[in-house]
Amino acid sequence: MYLVVGATGLVGRAVAQQLRKQACEVRALLRGGVAHAEARSLALAGVDIVAGDLRDPLAVAEACTGVDTIICTATSMPAAGGDALQRVDQDGVLGLIAAAERAGVRRFVYTSFSANIRVDSPLTSAKRSCEARLAASPIQSVILQPSFFMEVWLGPYLGFDASRAHARIYGDGKAGVSYVSALDVAAFAVSAATAPGELRDVIHIGGPEPVAQLDVVAVFERTSGRSFSREHVPLQALEMQHLSADPLQKSLAALMMAYALGDPVAMARQTADRYGVQLTTVEEYAARLRP
């Protein structure tokens with residue numbers, strides 16, 4: 014039995030679906046259970062839905078019962094209000110790891126983020142704390158450290174709107190970023206979850222090659238045949254946002270600062286080959302969005 018925590022997110026939903034295509038038994042922990050808006054599509058795919066969330070220790074313990082492997086992609090981002098980052102991303106995941114140990118879970122696959130993201134924030138603290146806890150656990154652990162998701166950072170939420178031919182550039186836009194598709198990260202997670210034998214690994218995940226933000230705009234312009242308007246966000250403005258006392262704003266600023274400074278992932282193709290993943294290029298992603 015595979016337990017997917019975070020099955021309504023970009024990566025988690027794809028993980029659950031890919032596991033079901035391999036005829037694996039899959040359970041998903043959902044806030045509200047079958048009443049959750051995403052429950053129907055998961056249930057139709059054959060996923061067993063259990064009610065609860067990471068802030069509910071009893072529900073977490075019950076969800077772990079009889080489970081061989083856990084894949085955790087859960088996060089309260091990007092709508093983390095109040096102390097959600099502390100209660101969900103840190104305390105909740107740490108509680109899940111402890112519950113997994115008590116339940117005799119064999120393997121735990123955890124989605125973190127790139128090792129190059131070092132700017133201090135509540136989200137950074139949560140991710141690194143959970144990584145350290147897993148590294149010290151007797152459970153086999155596989156920690157995924159993906160670079161920036163194409164679907165998020167080249168999407169409207171963060172100001173890159175292909176439908177309107179508009180791009181928001183963080184910093185000077187010249188640093189290389191190893192953009193990766195969330196679907197490719199899901200493929201890594203499934204490969205790590207289903208691999209036979211003993212497996213303990215930290216997987217640095219990136220796209221085929223680093224691409225600067227300005228070069229990404231050029232790719233989208235070639236693909237769409239339209240000129241993009243550009244909006245620049247200076248690094249200094251992000252540094253000011255990072256001073257915020259609000260956990261969400263501080264964490265978003267930390268991610269944006271790391272993005273502006275670049276995130277090249279070495280040996281991305283070799284790592285993908287080792288796990289049997291076909292990496293998506295920025296050009297391929299841009300073509301998907303072409304009207």
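If you're matching positions, the sequence shown starts at 14 in this note's numbering and goes up one per residue.
A virtual CB, placed ideally from N, CA and C, is assigned to each residue, including glycine.
Bridge partner(s) assigned by DSSP for residue i
i	result
Ser-215	A small fix is needed here, since residue 215 is Val in this sequence, not Ser. Ile-156, per the DSSP bridge assignment.
Gly-95	Answer by DSSP bridge pairing: none, since Gly-95 is not bridged.
His-179	Asp-174, Ser-242
Asp-276	Val-190
Ile-84	Val-17, Val-122
Phe-162	Val-193
Residue interval of the alpha helix (DSSP H) (run including residue i)
i	result
Leu-11	The structure shown does not extend to residue 11, since the chain is modelled only from 14 to 304, so the question has no answer here.
Asp-61	Taken as a continuous stretch (DSSP letters only), Asp-61 belongs to no alpha helix (DSSP H), being part of the beta strand (DSSP E) at 61-64.
Leu-71	70-77
Tyr-288	That residue, Tyr-288, is in no alpha helix (DSSP H); it is neither H nor E in DSSP.
Arg-235	226-237
Thr-207	195-207
Arg-26	23-34
Gly-105	104-116
Met-90	Neither: Met-90 is in no alpha helix (DSSP H) and is coded neither H nor E.
His-255	248-255
Leu-167	No alpha helix (DSSP H) contains Leu-167, which DSSP labels as neither H nor E.
Leu-57	52-57
Exposed unless 16 or more other CB atoms sit within 10 angstroms - verdict on residue i
i	result
Met-280	exposed
His-313	The requested residue 313 is not part of the displayed model; the chain covers only 14 to 304.
Pro-169	exposed
Pro-221	buried
Val-47	exposed
Lys-34	exposed
Asp-197	buried
Glu-144	buried
Pro-223	buried
Ala-57	Note that residue 57 is Leu in the sequence shown here, rather than Ala. Counting Cβ neighbours within 10 Å, Leu-57 comes out exposed, since fewer than 16 surround it.
Leu-256	exposed
Arg-301	exposed
Ala-50	exposed
Ser-160	buried
Met-315	As displayed, the chain neither begins before 14 nor continues past 304, which places residue 315 out of reach and without an answer.
Arg-287	exposed
Minimum C-alpha distance to residue i - residue among the options
i	options	result
Pro-70	Leu-107, Val-60, Phe-162	Leu-107
Ser-308	Gly-45, Asp-102, Phe-162, Ala-205	As shown, the chain starts at 14 and ends at 304. That puts residue 308 outside it, with no answer to give.
Ala-128	Val-118, Ser-142, Phe-173, Arg-115	Ser-142
Trp-166	Ala-148, Gly-59, Arg-213, Met-269	Met-269
Thr-78	Thr-284, His-255, Tyr-15, Gln-249	Tyr-15
Pro-247	Arg-287, Ala-271, Leu-67, Phe-201	Ala-271
Leu-67	Arg-100, Ser-204, Tyr-298, Arg-120	Arg-100
Ala-205	Ala-111, Phe-173, Gln-158, Ala-72	Gln-158
Gly-219	Glu-51, Ala-56, Phe-126	Phe-126
Arg-243	Asp-174, Glu-51, Arg-213, Gly-22	Asp-174
His-179	Val-290, Arg-239, Ala-111, Leu-109	Arg-239
Leu-212	Val-80, Ala-300, Ile-156	Ile-156
Gly-22	Ala-36, Leu-42, Arg-120	Leu-42
Gly-117	Met-90, Leu-136, Glu-75	Glu-75
Gly-172	Thr-236, Ala-139, Gln-226	Gln-226
Pro-304	Gly-275, Ser-176, Ala-200, Glu-114	Ser-176
Val-122	Arg-282, Ala-208, Thr-236, Ile-182	Ala-208
Ser-237	Tyr-298, Gly-210, Gly-186, Arg-119	Tyr-298
Asp-61	Gly-289, Arg-40, Leu-147, Ala-199	Arg-40
Val-17	Ala-202, His-217, Glu-114	Ala-202
Val-278	Thr-82, Ile-130, Leu-32	Ile-130
Ala-267	Ala-250, Arg-282, Ala-199	Ala-250
Ala-112	Arg-146, Phe-162, Ala-273	Arg-146
Val-215	Glu-38, Gly-289, Leu-55, Thr-284	Thr-284
Ile-63	Ala-20, Leu-32, Leu-136, Gly-105	Before going on, a small fix: residue 63 reads as Val here, not Ile. Measuring from the Cα of Val-63, the nearest candidate turns out to be Ala-20.
Residue i - containing beta strand (DSSP E), residue span
i	result
Ser-127	No beta strand (DSSP E) contains Ser-127, which DSSP labels as neither H nor E.
Ala-41	39-43
Tyr-298	First-last for Tyr-298: 295-301, but that is the alpha helix (DSSP H), not the beta strand (DSSP E).
Leu-16	15-18
Three CB pairs or more closer than 8 Å across the stretch 85-103 and the stretch 255-269: yes
Stretch-stretch touch, CB-based, cutoff 8 Å, three pairs: the stretch 287-297 with the stretch 220-234: Yes, the stretch 287-297 touches the stretch 220-234.
Inter-stretch contact at 8 Å, needing at least 3 Cβ pairs: the stretch 185-197 / the stretch 147-155: Under the 8 Å Cβ criterion, the stretch 185-197 does not count as touching the stretch 147-155, having fewer than three qualifying pairs.
Touching by the beta-carbon criterion (3+ pairs, under 8 Å), the stretch 20-36 and the stretch 85-92: yes
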